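Residue numbers (the UniProt record's numbering): 1 to 232.
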């Protein structure tokens, strides 16, 4: 690694994000971790920061070092959580680092191969990793577009971004199918948040009552460059 592990993300990026602007415990913790020397960051710290798309140029190589020793590292959260975070990391990063992408893909495939013969690999762990791998293989481009959006950066957490990425990739999707592709339960509060901020919209297909079909709102798709604006 071509960077000083004695330095913090704040030092390496030469950027002080200042003090927390809200009461969010996640924001406070991430700001705190940006000031910790890289060599002192634990697996759970790497997981937290990478999941929020913070400092990944420096942190993903560190995470891979841990995973080379134990692909299911950071068992304090749940086995495979750190690998899952890498599988859901920015598509742009993997596009620029194909060798590391290939290594992470091999780690994932090795777990699948060993699943039947290793009692330490639980079925639920593999199930969650398979969902994360969908982001790695299919949804990543959309997640990167979303993280580049200022409104998303300011208001969304990694769970909201994953939901939006899946909706973007599927064009239109009912909640049941969306939930099956996400590694966490989707609350009505989360749906209301995405609707209120005009990230998504929905309609009904068929006679009411019917399932809601969620899609990105027209304006938000245009912001992301997923539709062409009509020339006036």
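Don't be surprised by glycine CBs; every beta carbon is placed ideally from N, CA and C. Model, not experiment: these values are computed from the prediction.
Query                                                                                                       : Result
Cβ distance (whole Å) where residue 56 is taken to contact residue 24 below 8 Å                             : In fact, because the Cβ distance is near 20 Å, the residues do not count as touching under 8 Å.
Three-way DSSP call (helix, strand, coil) for residue 101 in this model                                     : helix
With 16 other Cβ atoms within 10 Å as the buried cut-off, status of residue 107                             : buried
Per-residue burial, residue 214 [other beta carbons within 10 Å of its own, 16 or more giving buried]       : buried
Residue environment, residue 58, which counts as buried when at least 16 other CB atoms sit within 10 Å     : buried
8 Å CB neighbourhood of residue 145 in its chain, flanking five on each side removed                        : 168, 224, 225, 226
Assigned secondary structure, residue 216 (DSSP; H/G/I helix, E/B strand, else coil)                        : strand
Cβ neighbours of residue 232 in the same chain (closer than 6 Å, five flanking residues each side left out) : Only weak support exists for where residue 232 lies, its pLDDT of 44 falling under 50; the value from the coordinates is given anyway. No residues qualify anywhere along the chain.
Close Cβ partners of residue 133 (< 8 Å) along its chain, the five nearest in sequence each way excluded    : 87, 108
Rounded Cβ spacing between residue 49 and residue 33 (contact assumed at less than 8 Å)                     : 6 Å
Residue 274: first and last residue of the uninterrupted beta strand (DSSP E) it sits in                    : One cannot answer for residue 274 here, as it falls past the ends of the chain, which runs 1 to 232.
Cα-Cα separation, residue 46 to residue 210                                                                 : 42 Å
Minimum C-alpha distance to residue 85 - residue among 221, 140, 39, 17                                     : 140
Coil, strand or helix - residue 15 by DSSP                                                                  : coil
Unbroken stretches of the alpha helix (DSSP H), 4 residues or longer, contained in the segment 41-66        : 43-51
7 Å CB neighbourhood of residue 187 in its chain, flanking five on each side removed                        : none
Proximity of residue 175 and residue 163 at Cβ, strictly below 8 Å                                          : no
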